[in-house]
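>
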Amino acid sequence: MSDYLVIVESPAKAKTIERYLGKKYTVKASMGHVIDLPKSQMAVDVEDGYKPKYITIRGKGDILKDLKKSAKKAKKIYLAADPDREGEAIAWHLAHALNVDEDSDCRVVFNEITKDAIKESFKHPRSINKDLVDAQQARRILDRLVGYNISPLLWKKVKKGLSAGRVQSVAVKMIIDREREIENFEPEEYWSIEALFEKDGENFEGSFYGINGKKHDLKTEDDVKEIMNAMSGSKFDISKVNKRERKRNPSLPFTTSSLQQEAARKLNFRAKKTMMVAQQLYEGIDLGRKAGGITGLITYMRTDSTRISETAKAEARGFIEEQYGKEYLGTKTGSGKQKEGAQDAHEAVRPTSVSRTPQSLKGILSNDQLKLYKLIYERFLASQMASAIMDTMTVHLLNGEVEFRATGSKVKFKGFMKVYVEGSDDNKKEEEKFLPQLEEGMTADAKEINPNQHFTQPPPRYTEARLVKTMEELGIGRPSTYAPTLDTIQRRGYVSMDNKRFIPTELGTIVNEVMQDFFPEIIDAEFTVKMEGDLDTVEEGKLQWIDLIDGFYQGFSKRLEKAEIEMDKIEIRDEPAGIDCEECGHEMVYKMGRYGKFLACSNFPDCRNTKPILKEIGVKCPKCKEGNVVERKSKKRRVFYGCDRFPDCDFVSWDKPIARPCPKCSGLLVEKKGKKETQIQCVECDYKEVAQKA
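In terms of full-length UniProt numbering, the sequence shown opens at residue 1 and continues consecutively.
(1) For K693, is the classification buried or exposed, using 16 other Cβ atoms within 10 angstroms of its Cβ as the cut-off for buried?
(2) Taking only the alpha-carbon atoms, compute the straight-line gap between V618 and P460 and give it to the nearest angstrom.
(3) List, from N- to C-terminal side, the beta strand (DSSP E) runs of 3 residues or more that fit wholly inside the stretch 477-545.
(4) Of all the options G642, E202, K688, K569, which has the alpha carbon lying nearest to the alpha carbon of K157?
(5) I need the DSSP call for Q343, collapsed to helix, strand or coil.
(6) For W191, report the span of its beta strand (DSSP E) as first-last.
(7) Using the C-alpha atoms, what's the distance from S258 back to T306?
(8) In angstroms, rounded to a whole number, what distance separates the CA positions of I546 and E18?
(9) Measure from the alpha carbon of K199 to the alpha carbon of each residue in D237, K214, A600, R178, then state which is nearest.
(10) Assuming K28 contacts I7 under a Cβ cut-off of 8 Å, what Cβ separation, rounded to an integer in Å, is found between them?
(11) Pull up the distance between the alpha-carbon of G330 and that of I128, whole angstroms please.
(12) Here's the rule: buried if 16 or more other CB atoms are within 10 angstroms of the residue's CB, otherwise exposed. What is M471?
(13) Go ahead and pull the three-state DSSP assignment for Y54.
(14) Can you check the UniProt domain "Toprim" (3-121) for any beta strand (DSSP E) of at least 3 residues that lies completely inside it and give the ranges in chain order?
(15) Mind checking who I298 pairs with in its DSSP beta bridge?
(16) Can you check which of these residues, M228, C662, L467, is closest to A195 by C-alpha distance?
(17) Are the stretch 397-410 and the stretch 369-385 touching, with three or more C-beta to C-beta distances below 8 Å?
(18) Are I193 and F204 closer than 7 Å when you measure CB to CB?
(19) State buried or exposed for I572, treating a residue as buried only when at least 16 other CB atoms are found within 10 Å of its CB.
(20) Please confirm if G642 has its CB atom under 7 Å from at least one CB of chain B.
(21) Measuring only the C-alpha atoms, how far is E221 from N452?
(22) Taking T678 as the reference, which of D48, P657, I63 has the closest Cα?
(23) Identify every run of the beta strand (DSSP E) within the stretch 376-401, keeping only runs that are complete inside it and at least 3 residues long; order them along the chain.
(24) Using 8 Å as the threshold, is the stretch 548-567 in touch with the stretch 143-153, meaning 3 or more CB pairs across them?
(25) By a C-beta neighbour count over all protein chains shown, 10 Å radius and 16 as the cutoff for buried, is H346 buried or exposed?
(26) On a Cα-Cα basis, can you pick out the residue from P11, D131, E464 that is closest to L267?
(27) Which residue marks the beginning of the alpha helix (DSSP H) containing P152, and which one marks its end?
(28) Among T303, S666, A446, P622, which residue has its Cα nearest to the Cα of T256?
(29) What residues are listed by DSSP as bridge partners for T610?
(30) Given this structure, state the Cα-to-Cα distance separating G674 from Q681, to the nearest angstrom.
(31) Report the three-state DSSP secondary structure of K366 (helix, strand or coil).
(32) Which residue's Cα is closest to the Cα of A164: M497, F527, N512, K500?
(33) Hey, how far is the Cα of L381 from the Cα of M390?
(34) My understanding is that V395 touches R405, with C-beta atoms under 8 Å, so please give their C-beta distance in whole angstroms.
(35) Can you tell which of G493, D517, D498 has the C-alpha that lies nearest to the C-alpha of E506?
(36) Out of R660, R645, F640, which one is the CA nearest neighbour of V652?
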């Protein structure tokens, strides 16, 4: 038997770490928590200091038994769960279960699973941080008190299977509030005047700015007519040309939140998928014997810090100088100012070594792993590079008192942009806009002057990326909670997704209204933010966890008593679908399921007939010529297209069919969506046309 027993959370980490530590160490996995609150009861004694009742998790008995057996034979036990509150709690539970003194140097933490990092961490073991444990325990108990008290009430008064939680309830309210903003939005009219100018055979664009050097807004068509009448002829005098250099700084390395946002924008990854793939990269990938075997490729992915170790900075700077040249080195070697409230427990998400380029890992990583690794790698490398330098020019053009302005920019020095440019939520890309050589005193001709009417737009619905960003900005939740929260509110049927944007369901709106009436503090963003701050104060050892829980529960328990008495039973009636069940003749109704609405027989449970809601796309089936093509979803929720006469007709297509024949061969046309543009292609010949920019 080995001298030392090391306990980590996952088997993948166990294999890697055991190889790094050598023969004297046995490394075993706890498979996450082995001890926790039972699912079948609240398990918090509110009459006796909010004592939690912990049990061995069902199915983990054999794991704990094996760990105890190994612990008896080891000279020393090291607890090496993840470096966060959750990991500290796992280590604390294991210490008590294995009779390890929590005040001894039994706890080992590391931010990356590499040989040097692991060996260094074992030189500096510490005791279990009880303040971290208390903060995690307080969060767990708070969530139990809320969820296990409100959820049964919702089952009784609204519908079985519902749940309420501190963070998820606030997220649902944010989505509902945004929907109401959109519904109540009243568009306002405004106008712009765009001009196409020409100088010495070169064209450039400009926009109306104002009168007599002062900016002038165009609110009505009459305003536009006034400006158009004030101009005479097509000649414009160039009164001023401003030229300057503008620096564009690189983005900071990834935090959990910014990683989820950018993966959504650039890779179309859901938050849950991003964290799952990041976990794989962190725990280790087998690179082959020559490359070091199983190796962790990124640092820990649950972090709110943009801090980078000096070692990582030095390695990155050396790589940048060698690959791109000294001029591409960033002058600032810091990692940016941490946002207020950031725990800064460990580094930003970064590659464990910049020498492992994405190119070198092709064929080793899966497609999703390579995409996410490339994103993390390029963001980190760019963060240590020089600012980009843009040459900008603003030209003032006068026709009498009427002023137009034209702006242009071009990249003078790419700097970090040679490697990476951050995405945006609205998919706008910063493009170079060239202007000809223009000087003061010159004249330009306006070839076209076009007034355009516009209307203000409502705020956009939340995408996953935008919701995570807003939650982080408000201080709602923590890095480990974003992905589970978004997953929960969808599984419960409180929100649905339309075109990758959240829409509240009827059920979500009803539950939110009930919560607003009886538990307003639970869905109040400010209250949730304060609670997160209080949990941080517990972690800092400045507040006792029992005092935090008691301060919350005293008021909460009174609201519970009131809700039990005053909350009316709400009947959610099924919406008629307007068609009869083909099996029993009863009316079909719309039901809400895990993946959204579906059709079900109103004669349930005597008749269990269900059908998906089929969305017609206005195209006749090209195979049978009788049915209509409808949008369907595969088991993995991927959209495809098929005939509504299935199974009599088996026509299917992953690409959306078009309601017109191919002009070349009269075959079926389909949409092929690419990253930059959507093409229309024929499935039978080589005909193609560009449909639109993506």
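In this text, a Cβ means the ideal position worked out from N, Cα and C, and glycines have one as well.
From the atom records:
(1) With a pLDDT of only 47 at K693, under the threshold of 50, the placement of this residue in the model should not be trusted, and no figure is reported.
(2) In the sequence as displayed, the identity of residue 618 is Gly instead of Val. Approximately 28 Å between the Cα atoms of the pair.
(3) Entirely contained in the stretch 477-545, the beta strand (DSSP E) runs reaching 3 residues are, in chain order, 495-498, 501-504.
(4) Minimum Cα-Cα distance from K157 among the listed residues G642, E202, K688, K569 corresponds to K569.
(5) In this prediction, Q343 has a pLDDT of 46, which is less than 50 and means its spatial position is unreliable; what the coordinates show is noted afterwards. If DSSP states are grouped into helix, strand and coil, Q343 belongs with coil.
(6) 189-199 is the extent of the beta strand (DSSP E) around W191.
(7) 10 Å
(8) Taking the straight line from one Cα to the other gives about 39 Å.
(9) Distance from the Cα of K199 is smallest, within the candidate group D237, K214, A600, R178, for D237.
(10) 6 Å
(11) 39 Å
(12) By the C-beta density criterion, M471 is buried, having at least 16 other C-beta atoms within 10 angstroms.
(13) coil
(14) Counting whole runs of 3 or more residues, the UniProt domain "Toprim" (3-121) contains the beta strand (DSSP E) stretches 4-8, 25-29, 76-79.
(15) P351
(16) M228
(17) no
(18) no
(19) exposed
(20) No chain B appears in this structure, which consists of one protein chain only.
(21) 9 Å
(22) P657
(23) 388-399
(24) yes
(25) Per the 10 Å Cβ criterion, buried.
(26) E464
(27) 130-157
(28) T303
(29) Looking at the DSSP assignment, T610 forms a beta bridge with A600.
(30) 12 Å
(31) The amino acid occupying residue 366 in the given sequence is Ser; Lys does not appear at that position. In this structure, S366 counts as coil in the three-state DSSP scheme.
(32) Comparing Cα positions, the closest option is N512.
(33) 20 Å
(34) 7 Å
(35) G493
(36) F640
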